[in-house]
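Sequential numbering from 705 applies to the sequence shown in my numbering.
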Amino acid sequence: MSKAAAIRHPHTASREREKPEKRDYVIWVKRILSLLSPLYCAFIVFFAYHSVFFKLELIDATRACMVVAGVSVLALAVMLYTRQQLLTKLCSLIMLPAMVFPILIYFGQWGVLLPPMIVSLVIFFLSGFSETAKTVWGTIFLLIYLLGALVYFLVTSMFAPSTVTTLVQEGVSPSGLYRYEIYNTTDSSNGSTKIAMESNTMDEVYYHLFWFKIRGLSHDVVIERPLRDPADIEITWETKSRQDITSDLEAISENIQVTLTDAQMDMLGRDAYQVTFNNGEVLSMKQADYHQTVIALGAKEQEVLKTDKTELKLDGLSDNAKKKLGITVEDFKTVKLTDLTDEDLVTLGIPEEGDVMYYNGKVVFRYYIAVLEQYFDISKQEITLLQ
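As C-alpha coordinates, this is what we get:
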(Lines of atoms letter the chains of each structure in order from A and count residues from 1; the text may use other names and numbers.)
(Lines give C-alpha, C1' and ligand atoms only; values in the text may rest on other atoms or scores of the structure.)
Protein backbone atom coordinates (compact mmCIF):
# COMPACT_ATOMS: atom_id res chain seq x y z
CA MET A 1 0.00 0.00 0.00
CA SER A 2 1.37 3.39 -0.89
CA LYS A 3 1.92 6.10 1.65
CA ALA A 4 -0.62 8.33 -0.06
CA ALA A 5 -3.30 5.61 0.23
CA ALA A 6 -2.48 4.90 3.85
CA ILE A 7 -2.87 8.51 4.93
CA ARG A 8 -6.46 9.83 4.56
CA HIS A 9 -7.13 13.49 4.07
CA PRO A 10 -8.56 15.03 7.29
CA HIS A 11 -11.61 16.43 5.40
CA THR A 12 -12.46 12.93 4.09
CA ALA A 13 -12.31 11.44 7.57
CA SER A 14 -14.56 14.24 8.86
CA ARG A 15 -17.20 13.56 6.17
CA GLU A 16 -17.17 9.85 7.00
CA ARG A 17 -17.83 10.64 10.66
CA GLU A 18 -20.67 13.00 9.72
CA LYS A 19 -22.57 10.45 7.59
CA PRO A 20 -23.73 8.20 10.47
CA GLU A 21 -24.57 11.26 12.53
CA LYS A 22 -26.63 12.72 9.69
CA ARG A 23 -28.44 9.42 9.14
CA ASP A 24 -29.32 9.24 12.83
CA TYR A 25 -30.59 12.81 12.70
CA VAL A 26 -32.82 12.08 9.66
CA ILE A 27 -34.20 8.92 11.27
CA TRP A 28 -35.18 10.77 14.43
CA VAL A 29 -36.78 13.56 12.40
CA LYS A 30 -38.89 10.96 10.58
CA ARG A 31 -39.81 9.26 13.83
CA ILE A 32 -40.94 12.53 15.35
CA LEU A 33 -42.88 13.59 12.24
CA SER A 34 -44.55 10.16 12.10
CA LEU A 35 -46.33 11.12 15.31
CA LEU A 36 -48.47 13.39 13.12
CA SER A 37 -49.79 10.42 11.15
CA PRO A 38 -52.07 9.16 13.97
CA LEU A 39 -53.56 12.66 14.18
CA TYR A 40 -54.79 12.52 10.58
CA CYS A 41 -55.83 8.90 11.07
CA ALA A 42 -57.83 9.97 14.13
CA PHE A 43 -59.48 12.67 11.99
CA ILE A 44 -60.63 10.02 9.50
CA VAL A 45 -61.91 7.71 12.26
CA PHE A 46 -63.69 10.71 13.81
CA PHE A 47 -65.22 11.47 10.40
CA ALA A 48 -66.32 7.83 10.01
CA TYR A 49 -67.99 7.84 13.44
CA HIS A 50 -69.85 11.06 12.71
CA SER A 51 -71.02 9.79 9.35
CA VAL A 52 -72.93 7.00 11.13
CA PHE A 53 -74.50 9.02 13.95
CA PHE A 54 -74.75 12.50 12.41
CA LYS A 55 -75.83 14.10 9.16
CA LEU A 56 -73.23 16.40 7.63
CA GLU A 57 -74.21 19.84 6.40
CA LEU A 58 -71.59 22.32 5.24
CA ILE A 59 -72.09 25.83 6.60
CA ASP A 60 -69.56 27.33 4.18
CA ALA A 61 -68.93 24.69 1.54
CA THR A 62 -66.05 26.46 -0.22
CA ARG A 63 -64.04 27.18 2.91
CA ALA A 64 -64.79 23.74 4.35
CA CYS A 65 -63.50 21.99 1.24
CA MET A 66 -60.39 24.20 1.19
CA VAL A 67 -59.64 23.40 4.83
CA VAL A 68 -60.05 19.65 4.31
CA ALA A 69 -57.91 19.78 1.14
CA GLY A 70 -55.17 21.84 2.83
CA VAL A 71 -54.95 19.58 5.87
CA SER A 72 -54.97 16.51 3.62
CA VAL A 73 -52.11 17.81 1.42
CA LEU A 74 -50.01 18.56 4.51
CA ALA A 75 -50.80 15.16 6.02
CA LEU A 76 -49.95 13.37 2.76
CA ALA A 77 -46.56 15.13 2.56
CA VAL A 78 -45.70 14.14 6.14
CA MET A 79 -46.90 10.57 5.70
CA LEU A 80 -44.99 10.07 2.46
CA TYR A 81 -41.82 11.37 4.11
CA THR A 82 -42.31 8.97 7.04
CA ARG A 83 -43.80 6.07 5.06
CA GLN A 84 -41.20 3.61 6.41
CA GLN A 85 -42.09 4.37 10.06
CA LEU A 86 -44.25 1.91 11.98
CA LEU A 87 -46.87 4.48 13.03
CA THR A 88 -47.41 5.66 9.47
CA LYS A 89 -47.66 2.10 8.16
CA LEU A 90 -50.24 1.20 10.80
CA CYS A 91 -52.26 4.32 9.99
CA SER A 92 -52.25 3.36 6.31
CA LEU A 93 -54.05 0.14 7.27
CA ILE A 94 -56.70 1.92 9.33
CA MET A 95 -57.66 4.87 7.15
CA LEU A 96 -58.74 3.05 4.02
CA PRO A 97 -61.36 0.74 5.65
CA ALA A 98 -62.54 3.58 7.91
CA MET A 99 -63.40 5.69 4.87
CA VAL A 100 -66.02 3.17 3.72
CA PHE A 101 -68.65 4.71 6.04
CA PRO A 102 -68.28 8.36 4.92
CA ILE A 103 -68.16 7.37 1.25
CA LEU A 104 -71.35 5.31 1.41
CA ILE A 105 -73.34 7.65 3.65
CA TYR A 106 -72.11 11.02 2.35
CA PHE A 107 -71.86 9.86 -1.26
CA GLY A 108 -71.87 12.90 -3.51
CA GLN A 109 -70.20 15.38 -1.14
CA TRP A 110 -66.93 15.00 -2.98
CA GLY A 111 -65.45 18.25 -1.75
CA VAL A 112 -64.88 16.74 1.68
CA LEU A 113 -64.66 13.08 0.65
CA LEU A 114 -62.02 13.14 -2.09
CA PRO A 115 -59.06 14.64 -0.15
CA PRO A 116 -59.05 12.04 2.68
CA MET A 117 -59.82 9.26 0.20
CA ILE A 118 -56.86 10.23 -1.98
CA VAL A 119 -54.57 10.43 1.05
CA SER A 120 -55.73 7.00 2.23
CA LEU A 121 -55.14 5.40 -1.18
CA VAL A 122 -51.78 7.03 -1.89
CA ILE A 123 -50.23 6.33 1.50
CA PHE A 124 -51.46 2.73 1.42
CA PHE A 125 -49.86 1.98 -1.96
CA LEU A 126 -46.67 3.94 -1.18
CA SER A 127 -46.24 2.82 2.43
CA GLY A 128 -43.27 0.78 3.59
CA PHE A 129 -45.13 -2.54 3.47
CA SER A 130 -43.93 -5.21 1.08
CA GLU A 131 -45.75 -5.77 -2.18
CA THR A 132 -47.13 -9.06 -0.88
CA ALA A 133 -48.60 -7.39 2.19
CA LYS A 134 -50.13 -4.63 0.05
CA THR A 135 -51.70 -7.22 -2.23
CA VAL A 136 -53.24 -9.13 0.67
CA TRP A 137 -54.48 -6.08 2.53
CA GLY A 138 -55.63 -4.43 -0.69
CA THR A 139 -57.74 -7.47 -1.53
CA ILE A 140 -59.29 -7.41 1.95
CA PHE A 141 -60.08 -3.71 1.71
CA LEU A 142 -61.60 -4.14 -1.75
CA LEU A 143 -63.88 -6.85 -0.38
CA ILE A 144 -64.85 -4.56 2.51
CA TYR A 145 -65.86 -1.83 0.06
CA LEU A 146 -67.75 -4.21 -2.20
CA LEU A 147 -69.62 -5.89 0.66
CA GLY A 148 -70.27 -2.54 2.34
CA ALA A 149 -71.72 -1.10 -0.86
CA LEU A 150 -73.85 -4.21 -1.40
CA VAL A 151 -75.25 -4.20 2.15
CA TYR A 152 -75.89 -0.45 2.03
CA PHE A 153 -77.67 -0.77 -1.31
CA LEU A 154 -79.80 -3.68 -0.11
CA VAL A 155 -80.76 -1.98 3.17
CA THR A 156 -81.65 1.33 1.55
CA SER A 157 -83.53 -0.41 -1.25
CA MET A 158 -85.52 -2.78 0.96
CA PHE A 159 -86.47 -0.29 3.66
CA ALA A 160 -86.77 2.90 1.64
CA PRO A 161 -90.46 3.85 1.45
CA SER A 162 -92.16 3.80 -1.93
CA THR A 163 -93.67 7.21 -1.21
CA VAL A 164 -92.74 10.83 -1.75
CA THR A 165 -91.96 12.76 1.44
CA THR A 166 -91.63 16.54 1.38
CA LEU A 167 -90.42 18.85 4.13
CA VAL A 168 -93.05 21.58 4.32
CA GLN A 169 -92.09 23.45 7.49
CA GLU A 170 -89.39 23.56 10.16
CA GLY A 171 -88.58 25.69 13.15
CA VAL A 172 -87.09 25.99 16.62
CA SER A 173 -88.81 26.31 19.98
CA PRO A 174 -88.64 29.64 21.87
CA SER A 175 -86.04 28.27 24.30
CA GLY A 176 -83.91 26.95 21.45
CA LEU A 177 -83.82 23.49 23.05
CA TYR A 178 -86.00 21.74 20.48
CA ARG A 179 -86.62 21.89 16.76
CA TYR A 180 -89.41 20.45 14.66
CA GLU A 181 -89.85 19.36 11.07
CA ILE A 182 -93.19 18.83 9.33
CA TYR A 183 -93.35 16.33 6.49
CA ASN A 184 -96.12 15.63 4.01
CA THR A 185 -96.05 12.14 2.57
CA THR A 186 -97.89 11.37 -0.64
CA ASP A 187 -99.02 7.78 -1.06
CA SER A 188 -101.93 5.73 -2.39
CA SER A 189 -104.05 6.40 0.72
CA ASN A 190 -104.43 10.19 0.59
CA GLY A 191 -101.06 10.69 2.29
CA SER A 192 -100.15 11.80 5.78
CA THR A 193 -98.70 14.67 7.75
CA LYS A 194 -95.99 14.02 10.33
CA ILE A 195 -94.32 16.28 12.87
CA ALA A 196 -90.96 15.09 14.16
CA MET A 197 -89.26 16.68 17.17
CA GLU A 198 -85.51 16.69 17.75
CA SER A 199 -83.13 18.07 20.32
CA ASN A 200 -81.58 21.30 19.11
CA THR A 201 -78.60 21.07 21.47
CA MET A 202 -77.02 17.78 20.46
CA ASP A 203 -75.59 18.85 17.11
CA GLU A 204 -71.87 19.41 16.74
CA VAL A 205 -70.50 22.44 14.89
CA TYR A 206 -66.80 22.80 14.09
CA TYR A 207 -65.11 26.07 13.15
CA HIS A 208 -68.39 27.47 11.78
CA LEU A 209 -67.80 25.23 8.75
CA PHE A 210 -69.07 21.73 9.52
CA TRP A 211 -72.49 21.13 11.00
CA PHE A 212 -73.14 17.56 12.13
CA LYS A 213 -76.85 17.23 12.85
CA ILE A 214 -77.79 14.47 15.26
CA ARG A 215 -79.71 11.64 13.66
CA GLY A 216 -81.57 8.62 15.00
CA LEU A 217 -83.10 10.58 17.91
CA SER A 218 -86.23 12.15 16.41
CA HIS A 219 -89.58 11.70 18.14
CA ASP A 220 -92.83 11.79 16.17
CA VAL A 221 -95.49 13.87 17.96
CA VAL A 222 -98.09 13.93 15.16
CA ILE A 223 -98.94 11.42 12.44
CA GLU A 224 -102.18 12.42 10.78
CA ARG A 225 -104.17 11.20 7.79
CA PRO A 226 -105.03 12.52 5.28
CA LEU A 227 -102.22 14.98 4.73
CA ARG A 228 -102.86 18.64 5.35
CA ASP A 229 -102.14 21.42 2.97
CA PRO A 230 -99.16 23.43 4.30
CA ALA A 231 -101.39 26.52 4.38
CA ASP A 232 -103.66 24.74 6.87
CA ILE A 233 -100.85 23.94 9.30
CA GLU A 234 -100.44 26.32 12.22
CA ILE A 235 -97.68 25.83 14.77
CA THR A 236 -97.61 27.93 17.93
CA TRP A 237 -95.47 27.77 21.04
CA GLU A 238 -96.06 28.68 24.65
CA THR A 239 -93.78 28.72 27.66
CA LYS A 240 -95.48 27.01 30.61
CA SER A 241 -94.39 26.21 34.14
CA ARG A 242 -93.91 22.70 35.48
CA GLN A 243 -96.76 23.12 37.97
CA ASP A 244 -99.16 24.35 35.28
CA ILE A 245 -98.38 21.38 33.03
CA THR A 246 -98.92 19.00 35.93
CA SER A 247 -102.30 20.57 36.58
CA ASP A 248 -103.22 20.37 32.88
CA LEU A 249 -102.30 16.68 32.70
CA GLU A 250 -104.11 15.77 35.90
CA ALA A 251 -107.20 17.59 34.62
CA ILE A 252 -107.14 15.36 31.54
CA SER A 253 -106.90 12.17 33.60
CA GLU A 254 -105.73 11.03 37.00
CA ASN A 255 -104.54 7.75 35.49
CA ILE A 256 -101.80 9.12 33.24
CA GLN A 257 -98.76 6.87 33.61
CA VAL A 258 -95.10 7.42 32.88
CA THR A 259 -92.39 4.78 32.63
CA LEU A 260 -89.18 5.65 34.44
CA THR A 261 -85.77 4.09 33.95
CA ASP A 262 -83.76 2.22 36.55
CA ALA A 263 -81.53 5.27 36.94
CA GLN A 264 -84.54 7.55 37.52
CA MET A 265 -85.89 5.19 40.18
CA ASP A 266 -82.50 5.39 41.88
CA MET A 267 -82.65 9.19 41.73
CA LEU A 268 -85.98 9.05 43.55
CA GLY A 269 -84.65 6.48 46.02
CA ARG A 270 -87.43 4.07 45.12
CA ASP A 271 -87.40 0.32 44.65
CA ALA A 272 -87.73 -0.62 40.98
CA TYR A 273 -88.76 -4.28 41.36
CA GLN A 274 -90.66 -6.59 43.67
CA VAL A 275 -89.62 -10.25 43.49
CA THR A 276 -91.71 -13.11 44.86
CA PHE A 277 -89.78 -16.38 45.24
CA ASN A 278 -91.24 -19.89 45.15
CA ASN A 279 -90.90 -20.19 48.95
CA GLY A 280 -93.23 -17.22 49.43
CA GLU A 281 -90.47 -14.72 50.26
CA VAL A 282 -91.17 -11.26 48.85
CA LEU A 283 -88.36 -8.74 48.35
CA SER A 284 -88.48 -5.17 47.05
CA MET A 285 -85.25 -4.25 45.27
CA LYS A 286 -83.52 -1.29 43.78
CA GLN A 287 -82.24 -1.85 40.29
CA ALA A 288 -78.63 -2.54 41.37
CA ASP A 289 -79.74 -5.27 43.77
CA TYR A 290 -82.06 -6.79 41.17
CA HIS A 291 -79.35 -6.99 38.53
CA GLN A 292 -76.88 -8.52 41.01
CA THR A 293 -79.20 -11.13 42.51
CA VAL A 294 -78.09 -14.70 41.82
CA ILE A 295 -80.46 -17.69 41.96
CA ALA A 296 -78.88 -20.88 43.27
CA LEU A 297 -79.94 -23.98 41.32
CA GLY A 298 -80.25 -27.36 42.95
CA ALA A 299 -80.57 -30.67 41.13
CA LYS A 300 -84.33 -30.24 40.78
CA GLU A 301 -84.03 -26.72 39.31
CA GLN A 302 -81.23 -27.85 36.97
CA GLU A 303 -83.46 -30.59 35.67
CA VAL A 304 -86.40 -28.23 35.20
CA LEU A 305 -84.29 -25.70 33.28
CA LYS A 306 -82.25 -28.41 31.53
CA THR A 307 -78.94 -26.84 32.53
CA ASP A 308 -75.85 -27.93 34.40
CA LYS A 309 -75.20 -24.49 35.88
CA THR A 310 -75.38 -24.20 39.66
CA GLU A 311 -76.51 -20.56 39.64
CA LEU A 312 -78.00 -17.99 37.29
CA LYS A 313 -78.48 -14.24 37.52
CA LEU A 314 -82.06 -13.22 38.17
CA ASP A 315 -82.10 -10.62 35.39
CA GLY A 316 -80.76 -13.24 32.96
CA LEU A 317 -83.73 -15.56 33.40
CA SER A 318 -86.34 -15.59 30.68
CA ASP A 319 -90.00 -15.19 31.59
CA ASN A 320 -90.51 -18.89 30.92
CA ALA A 321 -87.58 -19.83 33.20
CA LYS A 322 -88.94 -17.63 35.98
CA LYS A 323 -92.32 -19.26 35.62
CA LYS A 324 -90.78 -22.75 35.87
CA LEU A 325 -88.91 -21.73 39.02
CA GLY A 326 -91.99 -20.12 40.54
CA ILE A 327 -90.46 -16.64 40.57
CA THR A 328 -92.61 -13.58 39.93
CA VAL A 329 -91.15 -10.16 39.16
CA GLU A 330 -93.28 -7.02 39.39
CA ASP A 331 -91.95 -3.88 37.77
CA PHE A 332 -92.54 -0.66 39.74
CA LYS A 333 -91.10 1.65 37.07
CA THR A 334 -94.45 2.48 35.50
CA VAL A 335 -95.98 5.02 37.88
CA LYS A 336 -98.95 7.32 37.86
CA LEU A 337 -98.13 10.96 37.33
CA THR A 338 -100.22 11.77 40.40
CA ASP A 339 -97.79 9.67 42.47
CA LEU A 340 -94.93 12.02 41.62
CA THR A 341 -94.63 15.16 43.73
CA ASP A 342 -93.26 18.40 42.39
CA GLU A 343 -90.09 17.70 44.40
CA ASP A 344 -89.82 14.37 42.60
CA LEU A 345 -90.07 16.13 39.26
CA VAL A 346 -87.32 18.54 40.27
CA THR A 347 -85.15 15.56 41.27
CA LEU A 348 -85.77 14.01 37.85
CA GLY A 349 -84.36 17.12 36.20
CA ILE A 350 -87.52 18.80 34.90
CA PRO A 351 -86.87 22.57 34.72
CA GLU A 352 -89.20 25.12 36.27
CA GLU A 353 -90.60 26.05 32.85
CA GLY A 354 -90.22 25.14 29.22
CA ASP A 355 -91.71 24.77 25.75
CA VAL A 356 -95.20 23.58 24.87
CA MET A 357 -96.08 23.13 21.20
CA TYR A 358 -99.55 23.49 19.67
CA TYR A 359 -100.54 22.01 16.32
CA ASN A 360 -103.65 23.77 15.01
CA GLY A 361 -104.57 24.67 18.58
CA LYS A 362 -103.94 21.20 20.04
CA VAL A 363 -101.09 20.43 22.43
CA VAL A 364 -98.78 17.87 20.83
CA PHE A 365 -95.51 18.39 22.70
CA ARG A 366 -94.61 19.28 26.27
CA TYR A 367 -90.99 19.72 27.37
CA TYR A 368 -92.07 18.20 30.69
CA ILE A 369 -92.89 14.81 29.10
CA ALA A 370 -89.84 14.93 26.82
CA VAL A 371 -87.54 15.19 29.84
CA LEU A 372 -89.51 12.70 31.92
CA GLU A 373 -89.66 10.08 29.16
CA GLN A 374 -86.11 10.89 28.02
CA TYR A 375 -87.09 11.35 24.38
CA PHE A 376 -83.61 12.55 23.48
CA ASP A 377 -81.40 10.43 25.69
CA ILE A 378 -78.26 9.56 23.71
CA SER A 379 -78.56 5.93 24.82
CA LYS A 380 -81.71 5.70 22.67
CA GLN A 381 -79.98 6.81 19.50
CA GLU A 382 -80.64 4.51 16.57
CA ILE A 383 -78.45 3.83 13.56
CA THR A 384 -80.43 4.82 10.50
CA LEU A 385 -79.23 5.04 6.91
CA LEU A 386 -82.38 6.54 5.46
CA GLN A 387 -82.28 10.02 6.98
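The C-beta atom is built at its ideal place from N, Cα and C for all residues, glycine as well.
Three or more pairs of CB atoms, one per stretch, sit closer than 8 angstroms, so the stretch 817 to 824 contacts the stretch 774 to 789. Annotation for G875: the continuous beta strand (DSSP E) segment containing it runs V868 to V876.
Taking the C-beta atoms as reference points, I937 is found nearer than 9 angstroms to Y1063. A straight line joining the alpha-carbon of Q873 with that of K898 spans about 11 angstroms.
Following the DSSP letters along the chain, one finds L1049 in no beta strand (DSSP E) but inside the alpha helix (DSSP H) bounded by residues D1046 to T1051. For D970, the enclosing alpha helix (DSSP H) covers residues D966 to L972. Note on geometry: alpha-carbon atoms of E1077 and M906 lie some 17 angstroms from one another. Close CB contacts of D970 within its chain, under the 7 angstroms cut and outside five residues either way in sequence, are with K990 and Q991 (chain order). Cα atoms of V998 and K1013: separation of roughly 12 angstroms, rounded to the nearest angstrom. Pairing E1034 with V979 gives a Cβ-Cβ distance under 9 angstroms. The count of Cβ pairs closer than 8 angstroms, one atom from the stretch 908 to 921 and one from the stretch 751 to 764, reaches three, so the stretches are in contact.
Remark: C-beta atoms of V756 and F805 approach each other more closely than 9 angstroms. A straight-line Cα-Cα distance of about 44 angstroms links N894 and V1050. With distances taken between CA atoms, E902 lies nearest to S922 out of N888, S922 and L1044. Annotation: V1067 to V1060 spans about 7 angstroms, alpha carbon to alpha carbon. By the Cβ-count criterion, N888 is buried, with 16 or more other Cβ atoms from all chains shown falling within 10 Å of its own Cβ. Minimum Cα-Cα distance from I939 among the listed residues S945, R883, L739 and L780 corresponds to R883.
In this structure, the CA atom of L791 is about 31 angstroms from the CA atom of G812.
DSSP places M821 within a helical segment (H, G or I) once states are collapsed to three.
In the structure shown, M799 falls within a helical segment according to DSSP collapsed to helix, strand and coil. A distance below 9 angstroms separates the beta carbons of I827 and C795. Q788 counts as exposed, since fewer than 16 other beta carbons sit within 10 angstroms of its beta carbon. When DSSP states are grouped into helix, strand and coil, Y911 belongs to the coil group. For K1027, the uninterrupted alpha helix (DSSP H) segment begins and ends at D1023 to L1029.
For Q996, the closest alpha carbon among the candidates L931, L1021 and A752 is that of L1021. Selection T860, N904 and L871 evaluated against L881 yields N904 as nearest (Cα-Cα). In terms of Cβ geometry, L972 and L1052 form a close pair [threshold 9 angstroms]. Counting only unbroken stretches of 4 or more residues, the alpha helix (DSSP H) elements lying wholly within the stretch 969 to 1016 are 991 to 996 and 1003 to 1009, in sequence order. By the neighbour-count definition (other C-beta atoms within 10 Å, threshold 16), F758 is a buried residue. Taken atom to atom, the span from the alpha-carbon of S738 to that of E1086 is near 37 angstroms. For I1054, no alpha helix (DSSP H) run applies, since DSSP gives it neither H nor E. Pairing A1003 with K1017, the inter-Cα distance amounts to about 17 angstroms.
DSSP places T963 inside the beta strand (DSSP E), whose first and last residues are Q961 to T963.
Cβ-Cβ separation between M799 and S824: approximately 4 angstroms, consistent with a contact (criterion under 8 angstroms).
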